[in-house]
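Following: one structure in structure tokens, then a few remarks.
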Amino acid sequence: MIFLQIFLAFFIPGILGYGGGPSSIPLVENEVVRRYGWLTVEEFSEVLAMGNALPGPIATKMAGYIGFEQGGLLGAFIGVFATVAPSLLLMIILLRILMKYKDSPKVKRMTMFIRPTIAVLLGIITIRFFISSYEGAGVYHTIFLIIVSFLLLERWKMHPAFVIVGALGYGAVFLG
Numbered sequence: 002m003i004f005l006q007i008f009l010a011f012f013i014p015g016i017l018g019y020g021g022g023p024s025s026i027p028l029v030e031n032e033v034v035r036r037y038g039w040l041t042v043e044e045f046s047e048v049l050a051m052g053n054a055l056p057g058p059i060a061t062k063m064a065g066y067i068g069f070e071q072g073g074l075l076g077a078f079i080g081v082f083a084t085v086a087p088s089l090l091l092m093i094i095l096l097r098i099l100m101k102y103k104d105s106p107k108v109k110r111m112t113m114f115i116r117p118t119i120a121v122l123l124g125i126i127t128i129r130f131f132i133s134s135y136e137g138a139g140v141y142h143t144i145f146l147i148i149v150s151f152l153l154l155e156r157w158k159m160h161p162a163f164v165i166v167g168a169l170g171y172g173a174v175f176l177g
């Protein structure tokens, strides 16, 4: 039963997560935290941070890790396969149709309406992470990490992987 749950936990976000990893992360979070209870919000945010620090697609790394934690090596394989299966199937089935209608105004309009939805979903998960950080680390650590991360990313254009590793180091030293 766990293998079917792993498959569904990553296949459903793969189908509904139009736009790739960033759009499917809130859906994965809903499945693994709220629906199945495999991770807490804090644990999910740590898995997300580690997945962001590593090269490659975020959703597959998270699926591999969470699948392994829940079902061992076979669980990791099923999680990764379930993550890529919707894209693989859609590419095979719909490639000709998409190529035929790629310049259609309706297709362009659909994409224009989906982008704000993705932004709202990412905003919701960001708020959840801030609340979780505030409750777990306190207001001063949370504000400090937000300000420093913002400056490193926006002002000094530091790569996000280095900011994540730095935040993990900060947490290990000051919060661990």
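Position 108 of the sequence shown, counted from 1, bears residue number 109 in this note's numbering, the numbering being contiguous throughout. C-beta: ideal position from N, C-alpha, C; glycine also. Here the structure is a predicted model, which is why all the values come from computation and not from measurement.
Annotation: Arg35 is outside any alpha helix (DSSP H) and is labelled neither H nor E by DSSP.
Between the alpha carbons of Leu169 and Phe145 lies a gap of roughly 13 Å. When C-alpha distances from Ile165 are compared across Ala50, Phe4, Pro27 and Gly72, the shortest belongs to Ala50. Taken in chain order, no unbroken stretch of beta strand (DSSP E) lies wholly in the stretch 7–93 with a span of 3 residues or more.
With a beta-carbon spacing of about 6 Å, Ile79 and Gly68 fall inside the 8 Å limit used to define contacts. Linking Pro87 to Ile132 through their CA atoms gives a straight-line distance of about 32 Å. Here Ser150 carries a helix assignment [DSSP, helix/strand/coil].
Around the beta carbon of Val174, fewer than 16 other beta carbons sit within 10 angstroms, so the residue counts as exposed. Two segments are said to touch when three or more pairs of C-beta atoms, one from each, lie closer than 8 Å; by this definition the stretch 94–114 does not touch the stretch 22–34. Judged by DSSP in its simplified three-state form, Met159 adopts coil rather than helix or strand. Unbroken beta strand (DSSP E) stretches of 3 residues or longer found wholly inside the stretch 91–145: none.
Collapsing the DSSP output to three states places Gly177 in coil. Here Leu122 has Pro27 as same chain residues with Cβ atoms under 6 Å from its own Cβ, once five neighbours each way along the sequence are excluded. For the pair Gly65 and Val149, the Cα-to-Cα distance works out to about 31 Å. Note on geometry: alpha-carbon atoms of Phe151 and Arg36 lie some 32 Å from one another.
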